[in-house]
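Please read the structure below before turning to the comments.
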Amino acid sequence: MANPLDTDVGSELFSSYEAELKLVQADLSQKLDQIPDLSGEPRKAAISQAERAVEEADELLEQMRIEKANIPSSTRTKVNQRFRNHESDVDVAKRKLRSLADDRSALFGSRYSDNPNDVQLEQRQQLLSGTDRLDRSSQRLKASQALANDTEAIGASTLADLHTQRETIMHTNATLLESEGYVDRSVKTLRGMARRMATNRIITVCIITVLVLLIIAVVYSKFS
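Under UniProt numbering, the residue at position 37 of the sequence shown is numbered 37, and the numbers go up by one with no gaps.
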(Lines of atoms letter the chains of each structure in order from A and count residues from 1; the text may use other names and numbers.)
(Lines give C-alpha, C1' and ligand atoms only; values in the text may rest on other atoms or scores of the structure.)
Protein backbone atom coordinates (compact mmCIF):
# COMPACT_ATOMS: atom_id res chain seq x y z
CA MET A 1 0.00 0.00 0.00
CA ALA A 2 1.02 3.66 -0.35
CA ASN A 3 2.96 5.56 2.26
CA PRO A 4 1.05 7.56 4.94
CA LEU A 5 -0.02 11.07 4.15
CA ASP A 6 2.43 13.85 4.90
CA THR A 7 1.96 17.58 5.23
CA ASP A 8 4.75 18.91 2.98
CA VAL A 9 4.23 22.47 1.82
CA GLY A 10 2.40 22.54 -1.52
CA SER A 11 1.05 18.98 -1.27
CA GLU A 12 -2.17 19.69 0.67
CA LEU A 13 -4.49 19.23 -2.33
CA PHE A 14 -2.57 16.16 -3.47
CA SER A 15 -2.93 14.68 0.03
CA SER A 16 -6.66 15.44 -0.05
CA TYR A 17 -7.06 13.46 -3.29
CA GLU A 18 -4.87 10.74 -1.81
CA ALA A 19 -7.07 10.43 1.27
CA GLU A 20 -10.16 10.15 -0.93
CA LEU A 21 -8.41 7.54 -3.09
CA LYS A 22 -7.58 5.46 -0.03
CA LEU A 23 -11.27 5.35 0.89
CA VAL A 24 -12.15 4.27 -2.65
CA GLN A 25 -9.43 1.60 -2.59
CA ALA A 26 -10.69 0.23 0.71
CA ASP A 27 -14.24 0.06 -0.66
CA LEU A 28 -12.98 -1.57 -3.88
CA SER A 29 -10.96 -4.15 -1.95
CA GLN A 30 -14.01 -5.05 0.12
CA LYS A 31 -16.13 -5.50 -3.02
CA LEU A 32 -13.48 -7.66 -4.70
CA ASP A 33 -13.34 -9.90 -1.63
CA GLN A 34 -17.13 -10.36 -1.73
CA ILE A 35 -17.46 -11.17 -5.45
CA PRO A 36 -16.04 -14.76 -5.34
CA ASP A 37 -18.81 -15.77 -2.93
CA LEU A 38 -21.56 -14.44 -5.22
CA SER A 39 -23.18 -15.65 -8.42
CA GLY A 40 -25.89 -14.59 -10.84
CA GLU A 41 -27.46 -11.16 -10.42
CA PRO A 42 -25.80 -10.36 -7.05
CA ARG A 43 -22.40 -11.10 -8.61
CA LYS A 44 -23.16 -8.88 -11.62
CA ALA A 45 -24.27 -6.07 -9.33
CA ALA A 46 -21.12 -6.40 -7.22
CA ILE A 47 -18.92 -6.39 -10.35
CA SER A 48 -20.73 -3.29 -11.61
CA GLN A 49 -20.14 -1.53 -8.29
CA ALA A 50 -16.48 -2.55 -8.35
CA GLU A 51 -16.14 -1.18 -11.91
CA ARG A 52 -17.55 2.16 -10.76
CA ALA A 53 -15.07 2.20 -7.89
CA VAL A 54 -12.23 1.52 -10.35
CA GLU A 55 -13.40 4.38 -12.55
CA GLU A 56 -13.53 6.71 -9.56
CA ALA A 57 -10.03 5.61 -8.55
CA ASP A 58 -8.79 6.34 -12.10
CA GLU A 59 -10.33 9.83 -11.95
CA LEU A 60 -8.67 10.53 -8.60
CA LEU A 61 -5.32 9.28 -9.93
CA GLU A 62 -5.66 11.67 -12.85
CA GLN A 63 -6.37 14.56 -10.47
CA MET A 64 -3.34 13.55 -8.40
CA ARG A 65 -1.19 13.37 -11.54
CA ILE A 66 -2.18 16.93 -12.43
CA GLU A 67 -1.71 18.25 -8.91
CA LYS A 68 1.71 16.71 -8.28
CA ALA A 69 3.08 18.81 -11.14
CA ASN A 70 2.41 21.88 -8.95
CA ILE A 71 4.33 20.50 -5.96
CA PRO A 72 7.83 21.97 -5.34
CA SER A 73 10.61 19.80 -6.75
CA SER A 74 12.16 19.46 -3.28
CA THR A 75 9.26 17.25 -2.14
CA ARG A 76 8.11 15.87 -5.50
CA THR A 77 10.28 12.71 -5.31
CA LYS A 78 8.46 11.40 -2.26
CA VAL A 79 5.09 12.35 -3.76
CA ASN A 80 5.95 10.55 -7.01
CA GLN A 81 6.73 7.38 -5.08
CA ARG A 82 3.42 7.55 -3.26
CA PHE A 83 1.64 8.13 -6.56
CA ARG A 84 3.32 5.10 -8.17
CA ASN A 85 2.35 2.95 -5.19
CA HIS A 86 -1.31 3.99 -5.52
CA GLU A 87 -1.21 3.47 -9.29
CA SER A 88 0.22 -0.04 -8.78
CA ASP A 89 -2.46 -0.88 -6.20
CA VAL A 90 -5.22 0.22 -8.60
CA ASP A 91 -3.68 -1.83 -11.44
CA VAL A 92 -3.67 -4.93 -9.22
CA ALA A 93 -7.33 -4.33 -8.36
CA LYS A 94 -8.15 -3.92 -12.07
CA ARG A 95 -6.54 -7.24 -12.95
CA LYS A 96 -8.35 -9.01 -10.13
CA LEU A 97 -11.68 -7.47 -11.20
CA ARG A 98 -11.04 -8.43 -14.84
CA SER A 99 -10.37 -12.02 -13.79
CA LEU A 100 -13.56 -12.13 -11.73
CA ALA A 101 -15.61 -10.53 -14.51
CA ASP A 102 -14.26 -13.04 -17.09
CA ASP A 103 -15.53 -15.98 -15.03
CA ARG A 104 -18.77 -16.22 -16.98
CA SER A 105 -19.91 -19.47 -15.38
CA ALA A 106 -19.83 -17.83 -11.96
CA LEU A 107 -21.39 -14.69 -13.39
CA PHE A 108 -24.38 -16.37 -15.04
CA GLY A 109 -24.63 -19.45 -12.80
CA SER A 110 -26.58 -22.40 -14.17
CA ARG A 111 -27.98 -20.24 -16.99
CA TYR A 112 -24.52 -19.74 -18.56
CA SER A 113 -24.09 -20.84 -22.15
CA ASP A 114 -22.50 -19.47 -25.32
CA ASN A 115 -25.81 -18.57 -26.96
CA PRO A 116 -26.83 -15.09 -28.19
CA ASN A 117 -28.97 -14.46 -25.08
CA ASP A 118 -25.82 -14.32 -22.97
CA VAL A 119 -24.29 -11.82 -25.38
CA GLN A 120 -27.39 -9.68 -25.24
CA LEU A 121 -27.40 -9.80 -21.46
CA GLU A 122 -23.75 -8.79 -21.34
CA GLN A 123 -24.40 -5.94 -23.78
CA ARG A 124 -27.29 -4.80 -21.62
CA GLN A 125 -25.01 -4.78 -18.57
CA GLN A 126 -22.43 -2.77 -20.48
CA LEU A 127 -25.13 -0.33 -21.58
CA LEU A 128 -26.33 0.09 -18.00
CA SER A 129 -22.75 0.59 -16.85
CA GLY A 130 -22.21 3.21 -19.57
CA THR A 131 -25.40 4.99 -18.55
CA ASP A 132 -24.28 5.04 -14.95
CA ARG A 133 -20.89 6.50 -15.94
CA LEU A 134 -22.67 9.14 -18.01
CA ASP A 135 -24.84 10.07 -15.02
CA ARG A 136 -21.83 10.43 -12.77
CA SER A 137 -20.01 12.49 -15.40
CA SER A 138 -23.08 14.72 -15.63
CA GLN A 139 -23.04 15.19 -11.86
CA ARG A 140 -19.37 16.13 -11.97
CA LEU A 141 -20.09 18.59 -14.78
CA LYS A 142 -22.86 20.18 -12.73
CA ALA A 143 -20.50 20.46 -9.75
CA SER A 144 -17.88 22.11 -11.97
CA GLN A 145 -20.50 24.53 -13.31
CA ALA A 146 -21.55 25.41 -9.76
CA LEU A 147 -17.90 26.02 -8.87
CA ALA A 148 -17.50 28.24 -11.93
CA ASN A 149 -20.59 30.23 -10.92
CA ASP A 150 -19.25 30.66 -7.40
CA THR A 151 -15.90 31.81 -8.79
CA GLU A 152 -17.67 34.30 -11.07
CA ALA A 153 -19.66 35.66 -8.12
CA ILE A 154 -16.48 36.04 -6.07
CA GLY A 155 -14.82 37.83 -9.00
CA ALA A 156 -17.76 40.22 -9.34
CA SER A 157 -17.69 40.93 -5.60
CA THR A 158 -13.95 41.56 -5.77
CA LEU A 159 -14.39 43.99 -8.68
CA ALA A 160 -17.10 45.83 -6.74
CA ASP A 161 -14.79 46.10 -3.72
CA LEU A 162 -11.97 47.38 -5.93
CA HIS A 163 -14.32 50.00 -7.44
CA THR A 164 -15.35 51.15 -3.96
CA GLN A 165 -11.72 51.31 -2.88
CA ARG A 166 -10.86 53.32 -6.01
CA GLU A 167 -13.60 55.85 -5.21
CA THR A 168 -12.34 56.07 -1.62
CA ILE A 169 -8.78 56.69 -2.82
CA MET A 170 -9.98 59.38 -5.26
CA HIS A 171 -11.99 61.06 -2.49
CA THR A 172 -8.97 60.93 -0.17
CA ASN A 173 -6.79 62.41 -2.90
CA ALA A 174 -9.27 65.26 -3.41
CA THR A 175 -9.29 65.89 0.35
CA LEU A 176 -5.50 65.97 0.40
CA LEU A 177 -5.43 68.46 -2.48
CA GLU A 178 -7.96 70.65 -0.66
CA SER A 179 -5.92 70.42 2.53
CA GLU A 180 -2.81 71.36 0.58
CA GLY A 181 -4.62 74.51 -0.61
CA TYR A 182 -5.47 75.38 2.99
CA VAL A 183 -1.84 74.88 3.99
CA ASP A 184 -0.63 77.16 1.18
CA ARG A 185 -3.02 79.91 2.24
CA SER A 186 -1.96 79.51 5.87
CA VAL A 187 1.71 79.79 4.90
CA LYS A 188 1.00 82.98 2.94
CA THR A 189 -0.90 84.44 5.90
CA LEU A 190 1.94 83.62 8.29
CA ARG A 191 4.46 85.18 5.93
CA GLY A 192 2.34 88.35 5.72
CA MET A 193 2.13 88.49 9.52
CA ALA A 194 5.89 88.00 9.77
CA ARG A 195 6.48 90.92 7.36
CA ARG A 196 4.13 93.19 9.33
CA MET A 197 5.84 92.27 12.59
CA ALA A 198 9.23 93.07 11.07
CA THR A 199 7.92 96.43 9.81
CA ASN A 200 6.44 97.28 13.21
CA ARG A 201 9.72 96.37 14.88
CA ILE A 202 11.65 98.72 12.57
CA ILE A 203 9.17 101.55 13.20
CA THR A 204 9.42 101.01 16.95
CA VAL A 205 13.22 101.13 16.84
CA CYS A 206 13.10 104.34 14.81
CA ILE A 207 10.70 105.99 17.27
CA ILE A 208 12.86 104.98 20.23
CA THR A 209 15.96 106.29 18.45
CA VAL A 210 14.28 109.66 17.75
CA LEU A 211 13.13 109.95 21.37
CA VAL A 212 16.61 109.19 22.65
CA LEU A 213 18.10 111.82 20.33
CA LEU A 214 15.52 114.39 21.49
CA ILE A 215 16.28 113.65 25.16
CA ILE A 216 19.97 114.02 24.50
CA ALA A 217 19.35 117.31 22.68
CA VAL A 218 17.22 118.66 25.57
CA VAL A 219 19.79 117.69 28.16
CA TYR A 220 22.62 119.21 26.12
CA SER A 221 20.71 122.49 25.66
CA LYS A 222 20.22 122.85 29.45
CA PHE A 223 23.86 122.47 30.30
CA SER A 224 25.32 124.50 27.48
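Even glycine gets a Cβ: it sits at the ideal position worked out from N, Cα and C.
Under the three-state DSSP convention, the category residue i falls into
| i | result |
| --- | --- |
| Ser224 | coil |
| Ser179 | helix |
| Ala57 | helix |
| Ala69 | coil |
| Leu214 | helix |
Bounding residues of the alpha helix (DSSP H) (the contiguous stretch that carries residue i)
| i | result |
| --- | --- |
| Asn85 | 73 to 102 |
| Leu38 | Note, Leu38: premise wrong, no alpha helix (DSSP H); not H, not E. |
| Ser16 | 12 to 34 |
Same chain, Cβ closer than 7 Å to residue i, five either side skipped, listed in chain order
| i | result |
| --- | --- |
| Leu38 | Ala46 |
| Ser129 | Ser48, Glu51 |
| Glu87 | Leu61 |
| Ile71 | Gly10, Ser11, Phe14, Val79 |
| Leu177 | none |
Of the listed residues the options, nearest to residue i (C-alpha basis)
| i | options | result |
| --- | --- | --- |
| Ser29 | Leu127, Lys188, Val79, Leu100 | Leu100 |
| Lys31 | Ala93, Gln126, Arg196, Ile66 | Ala93 |
| Val79 | Asp91, Leu21, Phe14 | Phe14 |
| Arg65 | Arg98, Asp103, Ser11, Gly40 | Ser11 |
Neighbourhood of residue i by C-beta, 8 Å cutoff - its chain only, sequence neighbours within 5 removed
| i | result |
| --- | --- |
| Leu214 | none |
Residue i: CB within 8 Å of a non-hydrogen atom of the ligand SAH
| i | result |
| --- | --- |
| Arg140 | Among the components of this structure there are no ligands whatsoever, and the ligand SAH is therefore not found. |
> Do the stretch 51 to 59 and the stretch 20 to 35 touch if we need at least three Cβ pairs shorter than 8 Å?
Replying inline: Segments in contact, yes.
> Within the chosen definition, does the stretch 76 to 83 reach the stretch 133 to 149 through at least 3 CB pairs nearer than 8 Å?
Replying inline: Not touching, per the Cβ criterion.
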